[in-house]
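Visitor:
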Amino acid sequence: KTVRYRAETNPPDTSITEYLDRVAQPGNTHIMWSSKDPWGSSPKNHLQFSWRLDNGEWSPFSHDTGHTFLNLDSGWHLLEVRSRDRAFNIDPSPARCEFYVVAPLWQQAWFLTMVALFSGAILFLVRYLIRTRERHLMERQQEREAFLLKQQAEREIHLKEIDRLKTGFFTNISHELRTPMTVILGPLEMMLSGESDPKKRNMLSLMVRNAKRVTTLITQLLDFRKIEEGKIAIELTYGDLVRIVRDWVASLQPLAENAKISCQLDSVAECRGWFDFDKLQKIFTNLIANSIKYTKAGGSIRVILRIQGEGDVGNRVLFIVEDTGVGISKEHLEHIFDRFYRVSETSMAVGAGIGLNLTKELIVLLGGEVQVDSPISQDPERPGTRFTVELPIHQRDVPEGATERLAYTPTGTLDVVLDSATEPVVLPEPSTSPDDAGKPLLLIVEDDADIRSFLLDGLQSKYRIMLASDGELGFRLAKSNEPDLIITDWMMPIMDGVALCRELKAEEKTAHIPIIMLTAKTALEHQVAGFQTGADDYLTKPFHMILLQARIHNLLESRRAMRE
C-alpha cells in the first residue's frame, strides 16, 4: 500500500520572548523571539524568522532568534516578527511589541523646560542688571548734573559777588578820587587860562584833557553802582529826538574829520516824545566815538534814525550806527557787552571794558534793546560793525518811577569826548637842518594822541621823531624810513604792538631795529611775551621820561658799539 505525504497547512505561532519597553540612550537594544509549530512537525532548528521595524521592509527569513538594534531614534518603535516552518507556512499574525527609546537629555521635555526656564531667568537677570546699571548710571548722571548745576549756580553767585565787590571797590575808589581830581582839575584849568607860553599851554591842555578823561571814567563807574542798586532815575524831557541827534552828530564831526572819517546822518523828519536825553547822549556818544576810534582813515560811519509802529508817530525808535571799521570776530561778539571784557586780538581795538557795558545797561534801563552785527561787509579790509538800538517812544505813557523835566540841557559828555579825540597823525618831514641831520630817528607807534604828544615833547630835543597811530601804519613807516629805534604801545587798533614786533623782526630791512615796548600790562607773562616777540626793552605805564630817555640812549649806544 502506497502512503502519500501531505504538507501541514497550519502556520507556526510566533512570540517575542525578551525585550525592554524603555530603551536608554544611545538607543541600542537586543530583542529575542521564538516560534512553535502546533503539530510539532517542524523542529525548532527548521523554523525561520523575519522581522520589520516601524512598518518598514521585512527582513529575509533566517534562523536567528534575536536581533540587536543600534542607534535607534528616540521615540516609540513597533517591531513585528513572523515565523515560517519547513513547509513554508508563514505566521499570518506576526508577533508585535512596542518599546520607547528615551530621547537624549537635551531633547527631553523636562530638560528643554529647564533650559527655557534657565534661559528666561538668565535673560531676566541680564535685563535686570542692565536696567539696574542704566538706573545707577542715570542716577549718577543726574547726581553729577545736579552737582554741576549746583557748582555752576554757586560759581555764578560767586562771580556775581566778585563782580559786585569789584564794582563796589571801583565805586568806592571813584568816590575817593573825585575830590583829588577836582583839586587837580581846578588849578590846572586856572593855570591854563592864565598861561600864554604855547609849549606850557600844550602841556597843561594835555593834563586837563586826561584829568577830564579820568573824571569821565569815575562817573561811569558810579553809574554802574547806581544801576545795580536801582538808584539811577529816568528823567524824561519832551522834545524832538531828531533835532537833538542832529546836534550831537554835528558836535562829533570834528572828531570824525580829525580821524579822516566821514560821518553822515540818515533820519526821519522828526521824532517827538518823552525821552531821557542825558542817558541817550551817553549811549550815542559811546557808540559813535567807539566807531570813530576803530575805523581806519578813509572809512565812513552812518547814523540811521527810524520810527517803528503804527501811525505817523509810532511807538519805537531805531537808532543804528554802521561803520566800515575793523569789525568784531564771532568769538568776541557775544561778550562785547560784558563788563570789564577785554579783547586781545590785533584786529579788534581795545578799551577800558566798561563803555559798551554801560551803554547796554542804560539801554535796558530805558526799556530798550541793543544788537550788534559784525562783519556787515564782504571787504576783508573793512568788515565793519552795526549797532542797532531799539527804544520806546513815550507820548503820554510816562514809565513808573520816571520824572518829567521841562527842558533838556546837554551835559559835558560830548565835550569830554571831543577833548579826548584822536588828533590827526602828524609825520614831520626829515629835518634838513645841519643841527638835526645827525640826530637818531625814532618812530613812535601809539594810538593815544596825548601819549604821542607827551613822547614827542619829551624826546624831540634829542631825536628826530616820526609818529604813527597804529601798528599797521608804523610797520609801513619803519620799512620806508628805517628808523634807529622804535617805541611802540602794546594795545592798539588794526595791529597791536606784539604783532608789530613780529612783523618787524620777520622783515629783513627792519629786523635789526631795537624796539622798546610801552604798555599798561604789568604781569610777568606779558613781559615775557613782549620779549619773546622781539622787543629789546619793556617799560610799563606810567613811566618816567628820564628812565625812557636812558633806555633809548643805552640801546642806541649798544647798537653803535656793535657796528663799530
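The sequence shown: position 396 = 907 (the working numbering), numbered continuously. Cβ coordinates follow ideal geometry from the N, Cα and C atoms, glycine included.
1) Could you tell me which residues DSSP pairs with residue 819 in its beta bridges?
2) Out of 979, 709, 684 and 1064, state which residue places its alpha-carbon closest to the alpha-carbon of residue 963.
3) For the alpha helix (DSSP H) containing residue 1001, list its first residue and its last residue.
4) What does a CB cutoff of less than 6 Å around residue 554 pick up in its chain, not counting 5 residues either side in sequence?
5) What's the C-alpha gap between residue 574 and residue 614?
6) Residue 814 to residue 749, Cα distance in whole Å?
7) Based on the DSSP secondary-structure assignment, which residues constitute the bridge partners of residue 525?
8) Could you pull the start and end residues of the beta strand (DSSP E) that residue 608 belongs to?
9) Can you name, in chain order, every residue of its own chain whose Cβ lies under 6 Å from the Cβ of residue 594, other than the five neighbours on each side?
10) Output the boundary residues of the alpha helix (DSSP H) element that contains residue 802.
11) Classify residue 588 as helix, strand or coil using the three-state DSSP reduction.
12) As a quick exercise: from 606, 1010, 982 and 580, pick the residue whose alpha carbon is nearest that of residue 807.
13) Within 10 angstroms of its Cβ, does residue 586 collect 16 or more other Cβ (buried), or is it exposed?
14) Using 7 Å as the threshold, is the C-beta distance between residue 961 and residue 721 below it?
15) Can you give me the C-alpha to C-alpha distance between residue 577 and residue 633, rounded to a whole angstrom?
16) My output table needs one value for residue 777: the three-state DSSP class, helix, strand or coil.
17) Thinking just about the alpha-carbon of each residue, which of 877, 1017 and 956 is nearest to the one in residue 901?
18) I need the DSSP call for residue 535, collapsed to helix, strand or coil.
19) Less than 6 Å between C-beta atoms, sequence neighbours within five positions excluded: which residues of the same chain meet that for residue 848?
20) Could you have a look at residue 1073 and say whether DSSP puts it in helix, strand or coil?
21) Take residue 607 as the anchor and find which of 532, 539, 631 and 654 has the nearest alpha-carbon.
22) Just the Cα atoms here: how many angstroms apart are residue 804 and residue 770?
23) Can you look up residue 931 in the DSSP assignment and give me helix, strand or coil?
24) Exposed or buried, which one is residue 639 when buried takes at least 16 other CB atoms within 10 Å?
25) Using a Cβ-Cβ cut-off of 8 Å (strictly less than) and excluding sequence neighbours within five positions of residue 1015, which residues of its own chain qualify?
26) On the CB-based measure, 16 or more other CB atoms within 10 Å of its CB, does residue 833 come out buried or exposed?
27) Could you name the residues that DSSP lists as bridge partners for residue 595?
28) Going by DSSP, name the residue or residues bridged to residue 574.
29) Check each candidate in 957, 691 and 772 and name the one with the smallest Cα separation from residue 726.
30) Looking at the strands, I want to know which residues DSSP matches up with residue 783.
31) Give the DSSP bridge partners of residue 1048, in chain order.
32) Can you name the residues that DSSP bridges to residue 901?
33) Using C-beta distances below 6 Å, list every residue in its chain close to residue 569, excluding the 5 sequence neighbours before and after it, in chain order.
34) By DSSP's criteria, residue 626 is part of a beta bridge. Which residues make up the other side?
Guide: Reading it off the structure:
1) 827
2) 979
3) No alpha helix (DSSP H) contains residue 1001, which DSSP labels as neither H nor E.
4) Cβ neighbours of residue 554 beyond the five flanking positions: none.
5) If I take the Cα positions, the gap works out to 32 Å.
6) 22 Å
7) 546
8) Residues 606-612.
9) 523, 525, 546, 558, 560 and 602
10) Residues 788-804.
11) strand
12) The closest CA to that of residue 807, considering only 606, 1010, 982 and 580, is found on 982.
13) exposed
14) yes
15) 49 Å
16) strand
17) 877
18) Reduced to three states, the DSSP call for residue 535 is coil.
19) 867, 868 and 871
20) In the structure shown, residue 1073 sits in a helix (DSSP, three-state: H, G or I).
21) 532
22) 8 Å
23) Here the model assigns residue 931 a pLDDT of 47, short of 50, so the residue's position is not dependable, and the following value carries that caveat. DSSP places residue 931 in coil when its eight states are reduced to three.
24) exposed
25) 986, 989, 997, 1021, 1022, 1024, 1026 and 1045
26) buried
27) 559 and 601
28) Note: residue 574 sits in no beta bridge, so no partner.
29) 691
30) 751
31) 1027
32) 829 and 880
33) 561 and 563
34) For residue 626, DSSP assigns no beta-bridge partner whatsoever.
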